[in-house]
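In the working numbering, the protein residues as written are 5 to 253.
Notes to accompany the following structure.
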Ligand SMILES: [Zn+2]
């Protein structure tokens with residue numbers, strides 16, 4: 005874990021695509037590892053339910069970490085932060101949902117410095133609370149914004165702001181869920197990547213599973229391998245490095 009052969013310390017400093025994947029789709033992510041490697045891309049995997057990973061998944065996740073990918077935290081039971089805090093209090097949220105997830109990951113050999121909000125549900129008070137435990141938090145913009153070219157201004161973090169920006173909003177690039185296909189228009193995402201490549205800075209995107217096994221009927225939120233490759237090729241063509249959250253300054 006301490007050895008990160010793929011890491012290039014200079015690459016995440018001032019321009020980056022931050023591609024992230026949520027939940028616990030370790031086998032599908034491992035299947036995508038050769039694709040990431042072929043583009044020199046390092047990504048971030050935000051893990052929920054670390055106590056439910058089987059031995060094989062832990063082994064695969066360790067290999068992903070050894071490839072230089074970042075392992076982050078996504079909660080113990082995928083609870084929505086504001087709702088949990090409203091119902092049970094901030095202390096209970098940390099004690100029951102966040103600290104056990106963080107400890108579970110640490111026990112498996114994945115000390116995590118970053119957190120992604122389940123369902124992107126957050127507010128300023130949960131940000132303040134979680135920033136006592138994490139360096140950075142990932143939220144999200146509404147998925148229906150991704151076709152909107154003005155999204156670029158919202159997603160793009162200017163280079164000078166990267167080191168101080170603790171909450172990064174991402175946009176979904178999932179292709180669909182089950183047999184339901186999402187809106188295919190990623191104009192806003194493309195515009196954000198172009199803006200980032202042109203001016204420096206960072207843009208954050210997120211997906212869930214990568215639909216290798218049952219592409220036409222994948223139960224979870226998923227991105228197709230074809231779309232994933234298209235995004236990696238787009239960033240690569242713009243000389244925009246794809247780096248993990250742990251590589252940010
Ligand atoms: Zn999630």
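We treat Cβ as the ideally placed atom computed from N, Cα and C, and that holds for glycine.
Tell me residue i's beta-bridge partners as DSSP assigns them.
i, result
"residue 119", "77 and 141"
"residue 51", "27 and 77"
"residue 207", "21"
"residue 180", "185 and 226"
"residue 172", "142"
"residue 213", "226"
"residue 161", "206"
State yes or no: is the C-beta of residue i within less than 8 Å of the C-beta of residue j?
i, j, result
"residue 248", "residue 73", "yes"
"residue 112", "residue 62", "yes"
"residue 127", "residue 141", "no"
"residue 34", "residue 67", "yes"
"residue 48", "residue 76", "yes"
"residue 245", "residue 19", "yes"
"residue 2", "residue 159", "Outside the shown range of the chain (5 to 253) lies residue 2, about which nothing can therefore be said."
"residue 92", "residue 120", "no"
"residue 242", "residue 201", "yes"
"residue 64", "residue 103", "no"
"residue 43", "residue 236", "yes"
"residue 118", "residue 139", "yes"
"residue 21", "residue 239", "yes"
"residue 45", "residue 114", "no"
Kindly give me the distance between the Cβ atoms of residue i and residue j, rounded to whole angstroms, as I take these residues to be in contact under 8 Å.
i, j, result
"residue 106", "residue 229", "Residue 106 to residue 229, Cβ: 31 Å. No contact."
"residue 151", "residue 178", "Contact flag wrong, Cβ pair sits at about 14 Å."
"residue 203", "residue 215", "At roughly 33 Å, the Cβ-Cβ gap does not stay under 8 Å, so residue 203 and residue 215 are not in contact."
"residue 182", "residue 149", "Contact doesn't hold; Cβ gap of about 22 Å is too wide."
"residue 94", "residue 133", "5 Å"
"residue 87", "residue 125", "7 Å"
"residue 84", "residue 51", "Not a contact, Cβ separation roughly 17 Å."
With a threshold of 16 other CB atoms inside 10 Å of the CB of residue i, please say whether the residue is buried or exposed.
i, result
"residue 26", "buried"
"residue 175", "buried"
"residue 123", "exposed"
"residue 108", "buried"
"residue 184", "exposed"
"residue 24", "buried"
"residue 167", "exposed"
"residue 196", "buried"
"residue 99", "exposed"
"residue 165", "exposed"
"residue 250", "buried"
"residue 96", "exposed"
"residue 213", "buried"
"residue 32", "buried"
"residue 231", "buried"
"residue 59", "exposed"
"residue 129", "exposed"
"residue 146", "exposed"
"residue 253", "exposed"
Taking 7 Å as the cut-off, does the CB of residue i come closer than this to any heavy atom belonging to ligand 2?
i, result
"residue 91", "No copy of ligand 2 appears in this structure; the ligands present are ligand 1."
Can you list, in chain order, every residue whose CB sits closer than 5 Å to a heavy atom of ligand 1? The filter returns 26, 27 and 122, in chain order.
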